[in-house]
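**Q**
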Amino acid sequence: MEGNIAVVSEVGQGSTFSVRLPLNTVSKASLTEQEVSTASIAGKILIVEDDPIYMEVSDNIASSVGLTVSRAQNGRQAEAALSENTFDMLLLDWILPDCEANELLERLETLAVLPAKVVIYTAHTEQSIATKVNYPILYKPLLKKDLISIFVKDTPSQTAAKNNPEQSDQAEESACAAGEFRVLLVEDNEINRIVATKLLDRFDLEVVIAENGQQAIEAIKACDGAFDLVLMDIQMPVMDGMEATRILRETYDKERLTIIALTANVMQSEVDKYLSIGMNAHLGKPFKNG
Numbered sequence: 001m002e003g004n005i006a007v008v009s010e011v012g013q014g015s016t017f018s019v020r021l022p023l024n025t026v027s028k029a030s031l032t033e034q035e036v037s038t039a040s041i042a043g044k045i046l047i048v049e050d051d052p053i054y055m056e057v058s059d060n061i062a063s064s065v066g067l068t069v070s071r072a073q074n075g076r077q078a079e080a081a082l083s084e085n086t087f088d089m090l091l092l093d094w095i096l097p098d099c100e101a102n103e104l105l106e107r108l109e110t111l112a113v114l115p116a117k118v119v120i121y122t123a124h125t126e127q128s129i130a131t132k133v134n135y136p137i138l139y140k141p142l143l144k145k146d147l148i149s150i151f152v153k154d155t156p157s158q159t160a161a162k163n164n165p166e167q168s169d170q171a172e173e174s175a176c177a178a179g180e181f182r183v184l185l186v187e188d189n190e191i192n193r194i195v196a197t198k199l200l201d202r203f204d205l206e207v208v209i210a211e212n213g214q215q216a217i218e219a220i221k222a223c224d225g226a227f228d229l230v231l232m233d234i235q236m237p238v239m240d241g242m243e244a245t246r247i248l249r250e251t252y253d254k255e256r257l258t259i260i261a262l263t264a265n266v267m268q269s270e271v272d273k274y275l276s277i278g279m280n281a282h283l284g285k286p287f288k289n290g
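The sequence shown maps to residues 1 to 290 in UniProt numbering.
(1) Between the region 65-85 and the region 40-57, can you find at least three pairs of beta-carbon atoms closer than 8 Å?
(2) Go ahead and label ALA112 buried or exposed: buried means 16 or more other beta carbons lie within 10 angstroms of its beta carbon, across all protein chains shown.
(3) What does the alpha-carbon distance come out to for the pair VAL238 and ASN212?
(4) State the DSSP-derived secondary structure class of THR68, mapped to helix, strand or coil.
(5) Which ranges would you report for the beta strand (DSSP E) in the UniProt domain "Response regulatory" (182-290) if only whole runs of at least 3 residues count?
(6) Taking C-beta to C-beta, are LEU142 and SER276 nearer than 9 Å?
(7) Give me the Cα-Cα distance between GLN77 and THR122, rounded to the nearest whole angstrom.
(8) Quick check on DSSP: helix, strand or coil for LYS140?
(9) So, MET232 versus VAL186, is the Cβ gap smaller than 9 Å?
(10) Looking at PRO115 and ASP50, is the spacing between their C-beta atoms short of 9 Å?
(11) Can you tell me which of the three DSSP states SER174 falls into?
(12) By DSSP, does GLU106 sit in helix, in strand, or in coil?
(13) Can you check which of these residues, TYR139, GLN235, ARG249 and GLU56, is closest to ILE120 by C-alpha distance?
(14) Look at the alpha carbon of ALA177 and the alpha carbon of CYS223, and state the distance between them as a whole number of angstroms.
(15) Do LYS117 and LEU82 come within 9 Å of each other at the CB atom, strictly closer than that value?
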């Protein structure tokens, strides 16, 4: 990766780690910062989300680009809204209190009330749901550029690629060859995920979200370790970051997979513990825009 990891340590005070990574500009077509900031989209969107934080973030972003937003907290409310009104886009959380997205989509297809644009919205890794749906997938928290790209990405060449499996495969290979920098953010706290994702969004990165160590292992093994950087929280439910790192190091060494510990605990004894189990370095919380 040709980056570097530096540490400054003071006895009794703790240590400060810094990570520098050379990020190349991705050659594939993407929205520029100016295009994102000036984008305006006319239309009506129904956001189906039961989490109030994600709903508020998604509503604010959709409204900021000119969309008229309606809300639904579950599948029943979504079905009622779509039966009574016409929408240009449906942003649908994968798991709702009363159903999964694919169950709701089947009912909406039967009722013939699906909008022209349907997007699945999830905190799960794409590999875990991609085989179950035939719609675009966006990761939580919603980013403005991702929402805009849904409206502008269906160019004639891309539409042809969808209809031609061989051409589609070639497009995927080209995207891989372009060398997009992939980051796996492993964090159980919603606010921390939102803050970290917003900071990472300053760069042209692909950010994948996992909410615990078990999800992180599944995401990494699903793509055979094809992440350039893993930002691993330490204290998480189901499986913590230290246990996940131990398991991952049985397959992927430090050169193959870079794992950075994310924690508010910067005592030297704890940092040494993270390094001893195979983490490459440590970054302290709260996150800062450096």
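Cβ atoms here follow ideal geometry from the backbone N, Cα and C, with glycine treated the same way.
Fair warning: this is a prediction, and the values are worked out from it, not measured in the lab.
**A** If we stick to the structure as given:
(1) Touching, yes, given that three or more Cβ pairs across the two stretches are closer than 8 Å.
(2) When all chains shown are included, ALA112 counts as exposed.
(3) If you take the alpha carbons of VAL238 and ASN212, they lie about 6 Å apart.
(4) For THR68, the secondary structure class from DSSP, reduced to helix, strand or coil, is strand.
(5) Within the UniProt domain "Response regulatory" (182-290), the complete beta strand (DSSP E) segments of 3 residues or longer fall at 205-210, 229-233, 259-263 and 281-284, listed in chain order.
(6) It is not a contact, given that the beta carbons lie outside the stated cut-off.
(7) Distance between the alpha carbons of GLN77 and THR122: 19 Å.
(8) In the structure shown, LYS140 sits in coil (DSSP, three-state: anything other than H, G, I, E or B).
(9) Contact flag set, yes.
(10) Not closer than 9 Å, so no.
(11) Summary for SER174: the model assigns pLDDT 33, below 50, so the residue's position carries little reliability; its value from the coordinates is reported in the next sentence. Three-state DSSP puts SER174 in a helix.
(12) Looking at GLU106 - three-state DSSP - the assignment turns out to be helix.
(13) Of the listed residues, the one whose Cα sits closest to ILE120 is TYR139.
(14) Note that ALA177 scores 35 on pLDDT, short of 50, meaning its location in the model is unreliable; the coordinates nonetheless yield the value given after this. Cα atoms of ALA177 and CYS223: separation of roughly 15 Å, rounded to the nearest angstrom.
(15) For LEU82 and LYS117, no; Cβs fall outside 9 Å.
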